[in-house]
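Scroll down for the structure; my scribbles are underneath it.
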Amino acid sequence: MSPSKTVVRESMEKSLFGKSTKSKVVERLVFALFRLSTYFVLLCAATIFVDIVYKGGKTVFRSEFPFLNVEFLSDSPQTLHVFEHQGRKYEMSDSKFRSFREGIDEPIVTETYAYSGGGIWPCIAGTLLLVAGAMIIAMTLGVLSAIFLSEYSRPGKILNAVRLSILNLAGVPSIVFGIFGMGMFVLAFGWNVSLIAGWFTLAFMVLPIIISASEESMRAIPQGMRDASFALGATQWTTIRTNVLPYAMPGILTSSIIGVARVAGETAPIMFTAAYALRDQLPWEGLERWYDLFFQGVMALPYHIYVVSAKIPQNEYTSRMQYGTAFVFLFIIAAIALSSILLRIRMRKKYRW
257 MSPSKTVVRE SMEKSLFGKS TKSKVVERLV FALFRLSTYF VLLCAATIFV
307 DIVYKGGKTV FRSEFPFLNV EFLSDSPQTL HVFEHQGRKY EMSDSKFRSF
357 REGIDEPIVT ETYAYSGGGI WPCIAGTLLL VAGAMIIAMT LGVLSAIFLS
407 EYSRPGKILN AVRLSILNLA GVPSIVFGIF GMGMFVLAFG WNVSLIAGWF
457 TLAFMVLPII ISASEESMRA IPQGMRDASF ALGATQWTTI RTNVLPYAMP
507 GILTSSIIGV ARVAGETAPI MFTAAYALRD QLPWEGLERW YDLFFQGVMA
557 LPYHIYVVSA KIPQNEYTSR MQYGTAFVFL FIIAAIALSS ILLRIRMRKK
607 YRW
């Protein structure tokens with residue numbers, strides 16, 4: 257901005273708002289502090305994401321065709337063998353090393369690194385199963401509860417106490433839900449460490465968020481839309497099904513986005529109820545009956561990151577596994593959240609009021 261324009265702007269501000277006072281100066285300083293704080297938070301978040309994408313991308317992508325580390329995305333976690341043979345350094349997962357050693361008579365001295373070879377396909381499959389099952393249970397129970405609280409319940413002290421309890425549950429630490437899930441589903445119900453135990457534990461963890469957001473979305477629908485439906489002779493359930501739920505669905509989907517991010521990212525609940533550090537078979541492999549799937553433990557990306565980061569000695573090979581897993585994990589969460597956002601946008605265009 258040129259000096260002449262600056263002078264004109266200052267003179268206009270003085271003529272409109274008067275001279276600068278102490279309170280106005282303080283207000284500007286506070287505003288600047290808020291702006292700097294916001295930029296600082298965004299910078300920190302961007303730094304973390306760039307670091308994960310940069311280091312994790314080296315593990316996931318390759319410079320040669322097909323440009324993806326297929327082994328990392330399709331194999332199970334294995335021990336990494338690092339050794340030298342005929343003047344050349346090799347890095348092989350356990351399965352490849354066994355095949356390589358079969359054709360060699362001389363002994364090979366290797367350095368082994370746990371969880372640093374192979375890939376994370378069982379972790380990806382387990383994470384998707386956990387998220388899908390938990391969100392189906394949470395959305396079903398959450399929307400039904402929100403319908404009752406918004407449409408059927410009567411205002412009073414009991415209703416206020418229920419809503420306060422739901423808000424308090426939203427602030428309970430995840431490890432408490434993990435201990436609750438272990439005590440109830442794993443031990444009391446006898447489900448052991450399994451998918452179904454993890455589903456219900458994670459569903460109960462995000463249930464308060466979904467109930468609160470869904471109820472607010474339904475209460476935001478104008479009462480006139482309900483009255484018009486009643487005037488045409490519709491029952492209360494028909495009114496809810498046709499005039500309330502469709503228009504409240506964008507807000508309900510917003511809560512599901514938050515729920516997906518929390519369900520997929522929690523380590524403590526699945527550590528107690530659903531996740532194994534290492535499992536040879538995928539959940540759907542080796543089943544005698546189809547419903548045995550629900551009572552199988554799984555591997556999961558957040559728990560795998562925790563094990564590789566905190567339970568084994570750290571080195572350059574475990575670091576590659578950590579960042580590669582985190583990169584894939586963020587991509588999966590972003591993809592699920594993006595699909596929910598696109599569905600919400602589509603429903604907002606379809607249902608307008």
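Under the working numbering, think of the first position of the sequence shown as 257, with each following residue one higher. Every residue gets a Cβ at the ideal spot worked out from N, C-alpha and C, and that includes glycine.
Check	Outcome
Please state whether DSSP places residue 441 in a helix, a strand or coil.	helix
Who are the Cβ neighbours of residue 460 in its own chain at under 7 Å, not counting the five residues just before and after it?	433
What residues are listed by DSSP as bridge partners for residue 384?	The partner list for residue 384 (beta bridge, DSSP) is empty, contrary to what the question assumes.
Going by CA-CA distance only, name the one from 290, 354 and 544 that's closest to residue 364.	354
Would you decide whether residue 300 is buried or exposed? Buried here means 16 or more other CB atoms lie within 10 Å of its CB.	exposed
From the DSSP output, which residues share a beta bridge with residue 349?	336
Taking buried to mean at least 16 other C-beta atoms within 10 Å of its own C-beta, is residue 285 buried or exposed?	exposed
Go through the region 536–599 residue by residue and report every complete run of the beta strand (DSSP E) that reaches 3 residues or more, in order.	none
Does residue 369 come out as helix, strand or coil in the three-state DSSP assignment?	strand
Would you mind sorting residue 479 into buried or exposed? The rule is 16 or more other CB atoms within 10 Å of its CB.	exposed
Excluding the 5 residues preceding and the 5 following residue 395 in the sequence, name in chain order all residues of the same chain whose CB lies nearer than 7 Å to its CB.	466 and 512
Let me know if residue 452 comes out buried or exposed under the rule of 16 or more other beta-carbons within 10 Å of its beta-carbon.	buried
Inspect the beta-carbon positions of residue 518 and residue 584 and report whether they are closer than 8 Å.	no
Could you pull the start and end residues of the alpha helix (DSSP H) that residue 313 belongs to?	278–316
Please classify residue 368 as buried or exposed, where buried requires at least 16 other C-beta atoms within 10 Å of its C-beta.	exposed
Assess, as a yes-or-no matter, whether the region 370–388 is touched by the region 317–334 under the definition of 3 or more beta carbon pairs within less than 8 Å.	yes
Can you tell me where the alpha helix (DSSP H) holding residue 463 begins and where it ends?	451–475
So within the region 498–537, which uninterrupted alpha helix (DSSP H) runs reach at least 4 residues, ignoring any that extend past its ends?	501–521 and 524–529
Tell me the rounded alpha-carbon separation between residue 528 and residue 437.	8 Å
Return the Cβ separation of residue 549 and residue 539 in integer angstroms, given the expectation that the two are a contact with Cβ distance under 8 Å.	6 Å
According to DSSP, what are the bridge partners of residue 324?	317
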